[in-house]
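A short write-up of the structure that comes next.
Numbering (UniProt numbering), first residue to last: 1 to 390.
Structure (structure tokens):
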């Protein structure tokens with residue numbers, strides 16, 4: 001489910017407002033459960049309302065009041081300490097290697113309790129980044145602290161009618177060539193040539209003044225020679241999103257889910273967050289159909305309605321450095337010359353451009369798509385209408 005907020009998704013929200021795309025306040029209730037083995041029953045241990053909209057905080061039926069109060073005190077202490085650090089304890093940069101501090105090192109430095117990190121922080125944050133816990137801990141800490149500041153106490157919004165409404169709006173009047181696979185992008189003089197294979201297996205080529213690639217780094221490296229080596233530094237994680245009717249994936253939490261949904265006021269989406277020792281999956285849905293993103297346990301094959309492969313771009317200090325070098329703005333009047341940096345491929349070199357959620361200095365989310373597209377538009381002399389007066 002694609003959501004936005006006022007603090008982090010600034011340009012995305014401005015674009016929606018300009019295009020007249022409606023969105024509504026979306027509240028979430030997260031039910032956390034865990035298991036240490038594939039065949040172990042899922043044990044719910046925490047209920048949480050987004051932005052703490054539910055007052056008093058939710059309590060599992062299996063919890064006694066004393067246990068619940070102690071849990072709330074513990075979580076509030078950890079949460080507000082982490083929030084304080086995000087605002088006032090900046091992630092470090094190594095003075096020798098010039099590499100960013102990882103989230104793993106940052107959490108150790110601020111002494112956030114390991115139990116809180118393992119049972120609460122990683123499952124909820126992995127639901128945002130959709131990647132294994134170890135991969136998340138290797139993210140630059142500056143990404144997570146920036147995201148935490150931007151979303152702090154901000155309400156969530158969801159597009160009315162779903163993301164397909166946005167897709168239809170932005171794709172209007174565009175020429176779209178479906179069932180075609182691009183196989184090569186190369187420079188031919190001052191222009192760029194794109195080669196693709198159609199549904200019948202026939203190869204075609206055409207020259208363009210500009211080529212804009214909105215694909216993952218591994219695809220960029222496969223298509224475009226000058227970026228082949230640089231793209232290898234940017235990790236990509238492959239997983240699945242599964243639409244299914246297998247209610248056993250939330251069987252042990254079904255009573256809690258029903259009770260929460262019955263008491264919820266307004267349109268509240270219940271999200272089941274289940275973790276094992278390595279990773280986290282999120283499942284949500286209404287009636288008898290669920291969507292599970294990056295499942296960590298088996299879903300019965302005969303209950304699957306549809307499945308889709310997804311590639312998720314990950315962040316590391318090394319990939320952040322490469323990305324920032326590619327998208328760094330070069331001042332036209334600068335007299336400083338760095339022979340090593342002069343060899344770096346910059347976005348727009350030979351009129352080839354990159355856009356996407358990973359093409360900016362921040363979390364790999366929709367805001368990155370909009371910001372990187374705005375950057376290319378500005379470079380091509382195209383006005384950005386929702387920036388008028390900003």
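The beta carbon of each residue, even a glycine, is placed where N, CA and C say it ideally should be.
- Counting along the chain, residue 186 sits inside the beta strand (DSSP E) bounded by residues 181 to 188.
- Taking residue 318 as the centre and dropping the five residues before and after it, the same chain places the C-beta of 233 closer than 6 angstroms to its C-beta, in chain order.
- Within the stretch 258 to 314, complete beta strand (DSSP E) segments of at least 3 residues are found at 268 to 275, 280 to 286, 289 to 293 and 304 to 313, given in chain order.
- For residue 108, the enclosing alpha helix (DSSP H) begins and ends at 103 to 109.
- Of all alpha-carbon atoms in 194, 131 and 26, the one lying nearest the alpha-carbon of residue 238 is that of 131.
- In the displayed model, residue 356 falls within coil according to three-state DSSP, outside both helix and strand.
- Cβ-Cβ separation between residue 23 and residue 157: approximately 4 angstroms, consistent with a contact (criterion under 8 angstroms).
- Beyond the five residues adjoining it in sequence on each side, residue 206 comes within less than 8 angstroms, by CB distance, of 193 and 194 in the same chain, given in chain order.
- For residue 186, same chain residues with a beta-carbon under 6 angstroms away, outside a window of 5 residues either side, are 193 in chain order.
- If you keep only unbroken beta strand (DSSP E) runs of at least 3 residues inside the UniProt domain "Amine oxidase" (100 to 221), you get 157 to 159, 181 to 188, 191 to 197, 203 to 208 and 211 to 213.
- Residue 345 is positioned such that its CB atom lies no closer than 9 angstroms to that of residue 214.
- Two segments are said to touch when three or more pairs of C-beta atoms, one from each, lie closer than 8 angstroms; by this definition the stretch 217 to 224 does not touch the stretch 277 to 292.
- Secondary structure of residue 28 (DSSP, three-state): strand.
- Annotation: the continuous alpha helix (DSSP H) that includes residue 88 extends over 65 to 88.
- For residue 61, there is no enclosing beta strand (DSSP E), as DSSP marks it with neither H nor E.
- Residue state for residue 236 is assigned as strand, using DSSP reduced to three classes.
- Here the stretch 97 to 112 makes no contact with the stretch 266 to 286; the two share fewer than three CB pairs at distances below 8 angstroms.
- Straight-line spacing of the CA atoms in residue 83 and residue 379 works out to 37 angstroms.
- Three or more beta-carbon pairs separated by less than 8 angstroms link the stretch 13 to 27 to the stretch 166 to 178, which places the two stretches in contact.
- With contacts defined by Cβ atoms closer than 9 angstroms, residue 44 and residue 31 form a contacting pair.
- Taking the Cβ atoms as the reference, residue 42 lies roughly 5 angstroms from residue 35, within the contact range of under 8 angstroms.
- In the three-state scheme derived from DSSP, where H, G and I count as helix and E and B as strand, residue 92 is classed as coil.
- Looking at the DSSP output, residue 4 bridges to 157.
- Per DSSP, reduced to three states, the secondary structure at residue 243 is strand.
- Distance between residue 376 and residue 361, taken at the CA atoms: about 15 angstroms.
- For residue 18, the three-state secondary structure derived from DSSP is helix.
- In this structure, the CA atom of residue 20 is about 22 angstroms from the CA atom of residue 267.
- The stretch 130 to 144 and the stretch 305 to 324 touch, with three or more beta-carbon pairs separated by less than 8 angstroms.
- A straight-line Cα-Cα distance of about 42 angstroms links residue 63 and residue 166.
- DSSP lists 185 as the bridge partner or partners of residue 224.
- With fewer than 16 other Cβ atoms inside 10 Å of its own Cβ, residue 180 counts as exposed.
- Cβ-Cβ distances below 6 angstroms link residue 101 to 91, 92 and 141 in the same chain, with the five nearest sequence neighbours on each side left out; the list follows chain order.
- For residue 372, the three-state secondary structure derived from DSSP is helix.
- In this structure, the beta-carbon distance from residue 120 to residue 46 falls below 9 angstroms.
- Beta-carbon to beta-carbon, residue 103 and residue 144 are separated by about 5 angstroms, close enough to satisfy the 8 angstroms threshold.
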